[in-house]
Amino acid sequence: MNDRYDAGAAGHGADQYELVGYDEYGRPVYRQVPPQQQTQQPYDGYAQQGYGYDPYATGGQQAQQYDPYGADTGQQPQTPSYDPYGTGTHPQQHTGGHAAQYDPYGRTATSGQQPRVAEQTAYIPHQAGPVEEPVTQERGDRDYRTEQFAFVEEPDQDSEDVIDWLKFTENRTERREEAKRRARARVVALVVVLALAAAGGVGYLWYAGKLPGLTSSDDKKDTATPAGAQKRDVIVVHLHNTKKGGTSTALLVDNTTTKQGTTVLLPNALALSGDDGSTTTLAKSVDDDGSSGTRDEIDTVLGTEIQGTWRLDTPYLQNLVDLIGNIEVDTNANVPDPEAKSKGTAPLVRKGKGQTLSGKSAVAYATYQASGEAQNAQLERFGQVMQAVLRKLTSDAQGATTTVQTLGMIIEPPLTDKDLGAFLAKLADLAKGGDYKTALLPVQTDGTLSAQASASVVKDVLGGTAKSPDKDAAIRVSVRNASGVKDNTGKARVVLLNGGFSFQDGGSGSTEATSEVVYADAADKDDATEVAKTLGLPAGAVSKGDVSGNADVSVVLGQDYAPSSS
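Be aware that the sequence shown starts at 627, since it is given in this note's numbering, and climbs by one per residue.
Rendered as structure tokens:
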């Protein structure tokens, strides 16, 4: 029975081992040292010649000696080796006179140098094999110390990067939320503005009486601002017919409160009160009292405040239409050419819608009064021409002023060409936008104004109050000179005024042999008789009939009239 290797065995013929580390249980681990690393052979005093000397041998016979270290030159019986881990025994073999190397793991070594296996480890033969113990018990016996552990901390830079990223994502999220809130706020503000604009538009239509289905003709007259409190700019324009004589008068009104423009046509028969308290007509006032006197008289009758007078002679009207480039009018009559020599000549202005009128045709149409027509028919044509001119005139104040200055008209104070240009430009803007109309002032046969008939114009358009001359004032006498003597008109005027009557010039006409004094109402018969007596006419000249204009008594001076007898 072989004994286990002891520590001394490692220093002789046995294999060499070296410490390479510790296993998982804390025990030392050795490995076999290759033969080439053995730099010194162990000394063997008994094996110098291969055969040991046996002093007890007889007969000089050499005998094989036992080599306790396994160095044998001859063959010897196989001796089982001890396996410290119980893997079994391995016979030792002799090849070529050398003993086989011992492999503690049961592998037979070959002659020569063995290859080095780095991962192979071995235990010292005299050590006992590993004992399997419970893992929990082994770990419980271990003594862990603080220095055996290493604590790894996050780098500060990485932490700052993470914090910066979180701040970036948080800021971007906040910006997105803020952008959404702003977008919602804009949408809400836009909806509110649109709602207010819609409500304001509906309110304006209701206020202006233009909302369909909710207003009547009577309701349209009512406005938030009373008619008398509305601000208006008013200019009176007199169209003088330089060829045929006579005038046509209109008021140009700019209501700056309601943004409405209007041309108010004033009939020539409108009764006015003169400076001396006498009654006269609009036509006579223009001829006798001039622009300033007529303007004041109109203000008294209509309760208006006229800022200026525009005298427009027919040649200037013609130049104005030609300067702005013709006008378009829906004409209501065929107007003959006043310069035509034969009756079969084509009319200068044809009746129809959208007729283009030059300066000459515009003047002819504005002053045209057919035979048997009332003066109001001609006045309405003048109003059509004025509105068409305003539609075509520029809305620029400077441009309109230049147009006025180009005409070369004489502007009566206090009106200036700049004031007139700016005023016409405002009316032109209203006319282009459809906020312009033409209205005829209703006048009764005697020239007075009915409160009910004139309310729609005097009150609503002009913002005034009708104040016709008192009927109890001086008797109004209209005189037409048919005696053939021009001076008889002036002489009759003086006589009547001295007699306390109001004089109205009825013009002149073809001569008549007999003078006439006519009254319309039976109540005026006595007044007519008094007029005849004042003029020196016989009582038989007085009769009932039609009275011209707004006069109380109408007189026709015939050839029998003798001023010296009055």
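For every residue, glycine included, the Cβ atom is placed at its ideal position computed from N, Cα and C.
DSSP has residue i in a bridge; who is on the other side?
i: LYS1063; result: THR888
i: ILE932; result: Per DSSP, none; premise fails for ILE932.
i: LEU877; result: VAL862, VAL890
i: TYR1187; result: In DSSP, TYR1187 forms no bridge with anything.
i: SER911; result: None, per the DSSP bridge assignment.
i: GLU644; result: ARG657
i: ALA897; result: THR907
i: VAL1179; result: VAL1103, TYR1145
i: VAL1168; result: VAL1143
Can you say whether residue i is buried or exposed, counting buried as having 16 or more other CB atoms within 10 angstroms of its CB?
i: GLU1197; result: In this structure the chain extends from 627 to 1192, so residue 1197 is not present and cannot be described.
i: GLY887; result: buried
i: LYS1052; result: buried
i: GLN1130; result: buried
i: SER1136; result: exposed
i: ASP1113; result: exposed
i: ARG858; result: buried
i: TYR991; result: buried
i: TYR651; result: exposed
i: VAL947; result: buried
i: ARG921; result: buried
i: LYS910; result: buried
i: THR799; result: exposed
i: ARG808; result: exposed
i: SER874; result: buried
i: ASP680; result: Because ASP680 sits at a pLDDT of 47, beneath the cut-off of 50, its placement in the model cannot be relied upon, and the following sentence gives the value as read from the coordinates. Per the 10 Å Cβ criterion, exposed.
i: VAL817; result: exposed
i: ASN797; result: exposed
i: THR957; result: buried
i: GLY700; result: At GLY700 the pLDDT is 43, less than 50, meaning the model places this residue with poor confidence; the figure from the coordinates comes in the next sentence. So GLY700 counts as exposed.
i: VAL1087; result: buried
i: GLN1024; result: exposed
i: ILE1036; result: exposed
i: THR1032; result: exposed
i: VAL1182; result: buried
i: PRO893; result: buried
i: THR971; result: exposed
Enumerate in chain order the residues of its own chain whose CB-to-CB distance from residue i is below 7 Å, with the five nearest sequence positions on each side excluded.
i: GLY1133; result: ARG1106
i: THR1155; result: ALA1165, VAL1168
i: ASP1150; result: ASP1178, VAL1179
i: LYS1093; result: THR926, VAL927, GLY929
i: GLU1038; result: SER917, THR935, ARG937
i: THR883; result: THR851, GLN856, LYS857
i: GLN1070; result: SER1076
i: GLU759; result: Model confidence at GLU759 stands at a pLDDT of 48, short of 50, so the residue's coordinates are unreliable; what they give is reported in the following sentence. Once the five neighbours on either side are set aside, GLU759 has no close Cβ partner at all.
i: ASP1061; result: LYS885, GLN886, GLY887
So, under 8 Å CB-CB, residue i and residue j are touching, yes? Tell me the CB distance rounded to an integer number of Å.
i: VAL1084; j: GLY929; result: 7 Å
i: GLY1162; j: ALA1188; result: 6 Å
i: VAL655; j: TYR648; result: 6 Å
i: PHE1008; j: ALA895; result: Rounded, the Cβ-Cβ distance is 15 Å, inconsistent with contact.
i: LEU908; j: LEU898; result: 6 Å
i: THR982; j: SER1128; result: Not a contact, Cβ separation roughly 46 Å.
i: ASN960; j: LYS977; result: 5 Å
i: THR1027; j: GLY1047; result: 3 Å
i: PHE1049; j: ILE861; result: 6 Å
If you drop the 5 nearest sequence neighbours on each side, which residues of the same chain put their C-beta closer than 8 Å to that of residue i?
i: GLN995; result: GLN1001, ALA1003, GLN1004
i: GLY1184; result: ALA1108, SER1109, THR1137, GLU1138, ALA1139, THR1140, SER1141, GLU1142
i: ASP1153; result: ILE1101, TYR1145, ASP1178, VAL1179
i: LYS1170; result: VAL1144, TYR1145, ALA1146, ALA1148, LYS1151
i: LYS986; result: GLN944, LEU974
i: LEU1041; result: ILE861, GLN933, GLY934, THR935, TRP936
Skipping 5 residues on each side, what residues in its chain have a beta carbon closer than 6 Å to that of residue i?
i: PRO962; result: PRO973
i: ASP1172; result: none
i: SER843; result: In this predicted model, SER843 has a pLDDT of only 40, less than 50, meaning its place in the structure is not dependable enough to derive any value.
i: VAL989; result: THR940, LEU943, GLN944
i: THR868; result: ASP939, THR940
i: LEU1016; result: LEU1053, ALA1054, ALA1057
i: VAL1030; result: ASP1043, LEU1046, GLY1047
i: SER1082; result: none
i: THR993; result: ASN867
i: GLN1010; result: VAL955
i: SER1021; result: ALA1051, ALA1054, ASP1055
Whole runs of the beta strand (DSSP E) within the stretch 1016-1082, excluding any shorter than 3 residues
Restricting attention to beta strand (DSSP E) runs no shorter than 3 residues, the stretch 1016-1082 encloses them at 1062-1066, ordered along the chain.
- request: Counting only runs of 4+ residues fully inside the stretch 1094-1158, write out the alpha helix (DSSP H) ranges in chain order.
  value: Qualifying alpha helix (DSSP H) stretches, in chain order: 1114-1124.
Starting from the N-terminal side, write out each stretch of the alpha helix (DSSP H) that is 4 residues or longer and does not extend beyond the stretch 925-986. DSSP runs (the alpha helix (DSSP H)) wholly in the stretch 925-986: 940-950.
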